[in-house]
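Be aware that the sequence shown starts at 1, since it is given in full-length UniProt numbering, and climbs by one per residue.
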Amino acid sequence: MTTNPSVKATEFEMRTAAWELLELEGQYLPVVTVTGETGYQRVDDPSSLSAADNDVTKARNQLGVRAEIILFDGFRRSNLVYASAARVDGSIYRLLDASETMALNAVEAYIDVYRHRALLVVARRNIEKHVEIGRRVTDLVEGGRLPFSDQLTIEDRIRSARLAELEVQRALRDASARYERVVGRAPSGGMSTPRAAAPASLEALTATALQNSYRLQFARTQIDQARFEGEVALADRYPQLTLGAGLSRDINRNGVSGTRTDETIGIGLRWTLWQGGRVAERNAIASKNSRAMAAQSVAVREVRELSARTWNTYRTNLERSGQLREQLRINRSIVEVYGDEFEAAKRTLLDLLEVERARFNVEFESVGAEAGLVFSTYRALAAQSRLAEHFGLPKAQLALNPQFQDRAKVSPTNVFNVTIEPLK
């Protein structure tokens, strides 16, 4: 989960949002500019210049420095920080949600490899069983108790069993390839598939999912982000006050020989009293807010649906797995009885092969059902946004702490006290 490229891409998105938030610190700091100019100037103004200076080309040089800081901007900077903090929190929740999805993909890939290994054992045991029946049939054919057609029949079934093994081997290789793509290395060593703790009820699963869902928390940050971005746009309706101070030094300025120094300090005002399109701007802001609210409602419904589907799958797999285990027990008893009756010439070879086929099919299906049951318990954890934590991966190890909005609301400049560790 910490090395998968898709998770890394989402992590870089989160870090980009965090760095862009830190960029906003510059909005609260003074802006210092240095200006300079050198060249030649000729001024023809006999009413203001002396005869010695008028209409004479002189070298002119100018150097100045000015500092400005915003005193009031209609809360534009604060809302920029709030919106950016909401975006950072949203990107964190997206990363956490992607981590849950990746954890579920890893679990699915692991269980799939385990399942195919178990199916391969079943397929090979089926071959061994048919080979053993083949030896018995050969003895009976050579003893004249069975026709030669039975010898051909069992050989055909053995080859069919071997073909089934080949198909399972191919599927196992495919499952191993998917495991390597998701996890980053090939499966190795022994494997086990313990069940995770199952939810007590659909209501409990849904309540926890709604409370913990990273997808839903992301949708909430989008509401805040849309609201604050709207406030940023509306800040243009307020005056902007700036405090400025400057110092400039000129040589031969505007045709006057000599050196001149200017020092200034004061408050500047800029206020747009009217600008077209403001009604449409307000309507656009309202539409963005409504869209974010609707997206949250969609997220709530999706979480509820996911919880219900997860619960339904778990309950179905639980009952199906139990019924298949009982059916397999019955089929094994039938195979044993048919084997004895075959030796006693009370059953034909086709009768015995038919019950063997039924036993194999049920055992094959039972392995898949048990794997599905195990996976459904982990899927329930993912629906509650608790799967990564279940495997010992806390939020702090996966992403930044999603509290940028809370810190910004205390004071917008609080969010700038952040250390982003380098990627490892």
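We put the CB at the ideal spot given by N, CA and C, even for glycine.
This one's a predicted model, so the numbers in the text were calculated from it and none came from an experiment.
- Less than 8 Å divides the Cβ of R157 from the Cβ of L353.
- As a beta-bridge residue in DSSP terms, D250 pairs with Q62, R260.
- Excluding its 5 nearest sequence neighbours in each direction, E155 has C-beta neighbours in its own chain below 8 Å: G134, listed in chain order.
- For E11, the CB contacts under 6 Å within the same chain, skipping 5 residues up- and downstream, are L95 in chain order.
- Going by DSSP, V32 is part of no alpha helix (DSSP H) but of the beta strand (DSSP E) stretching over 31-42.
- The residue among R329, S99, I251, L24 with its C-alpha nearest the C-alpha of L80 is L24.
- Between the beta-carbon of D89 and that of F404 there is about 5 Å, and that keeps the pair under the 8 Å contact cut.
- The C-beta distance from T310 to S385 rounds to 12 Å, too long to fall under 8 Å, and the pair is not in contact.
- By the Cβ rule, the stretch 54-66 counts as touching the stretch 29-43, because three or more pairs are nearer than 8 Å.
- Judged by beta-carbon spacing, Y82 lies beyond the 8 Å limit of R60, meaning their Cβ atoms are not closer than that value.
- In this structure, the straight-line span from the alpha carbon of S366 to that of S91 is close to 42 Å.
- Closest by C-alpha distance to E108, out of A235, P187, S213, is P187.
- Of all alpha-carbon atoms in S290, V355, I330, N54, the one lying nearest the alpha-carbon of E341 is that of V355.
- By the neighbour-count criterion, in which 16 or more other beta carbons inside 10 Å mark a residue as buried, M191 falls on the exposed side.
- If you draw a straight line from the Cα of F364 to the Cα of E336, it is about 18 Å long.
- The residue among Y238, S149, V279 with its C-alpha nearest the C-alpha of L273 is Y238.
- Residue environment: I265 is assigned as exposed (fewer than 16 neighbouring CB atoms within 10 Å of its CB, all protein chains considered).
- For secondary structure counted as the alpha helix (DSSP H) over 4 or more consecutive residues, the stretch 169-213 holds these complete runs in sequence order: 202-212.
- Assignment of G244 by DSSP, reduced to helix, strand and coil, places it in the strand class.
- In this structure, the straight-line span from the alpha carbon of K288 to that of Y179 is close to 41 Å.
- The DSSP assignment places 76-142 as complete runs of the alpha helix (DSSP H) inside the stretch 76-142, in order along the chain (cut-off: 4 residues).
- Across the set Y93, Q151, V168, the C-alpha of V168 shows the shortest separation from the C-alpha of V122.
- Taking D262 as the centre and dropping the five residues before and after it, the same chain places the C-beta of S248 closer than 6 Å to its C-beta, in chain order.
- Contact between the stretch 276-294 and the stretch 193-211 is absent: fewer than three C-beta pairs spanning the two stretches fall below 8 Å.
- The beta-bridge partner set that DSSP reports for G268 consists of T242.
- By DSSP's assignment, F12 forms no beta bridge with any residue.
- Taken through DSSP and simplified to helix, strand or coil, F72 comes out as strand.
- In this chain, D55 is not harboured by any alpha helix (DSSP H), its DSSP state being neither H nor E.
- Residue environment for D45: exposed (fewer than 16 other C-beta atoms within 10 angstroms of its C-beta).
- Contact check for L104 against A382 passes: the beta carbons are separated by less than 8 Å.
- Counting only residues of its own chain and dropping the five nearest sequence neighbours on each side, R115 has a CB closer than 7 Å to the CB of V367, G368, A371.
- Secondary structure at A67: strand, using DSSP grouped into helix, strand and coil.
- Beta-carbon to beta-carbon, L324 and V362 are separated by about 6 Å, close enough to satisfy the 8 Å threshold.
- In the DSSP annotation of this structure, the continuous segment of the alpha helix (DSSP H) that includes W311 starts and ends at 278-343.
- Close CB contacts of K58 within its chain, under the 8 Å cut and outside five residues either way in sequence, are with Y40, Q41, R42, N252, G255, S257 (chain order).
- Here DSSP, grouped into helix, strand and coil, assigns P5 to helix.
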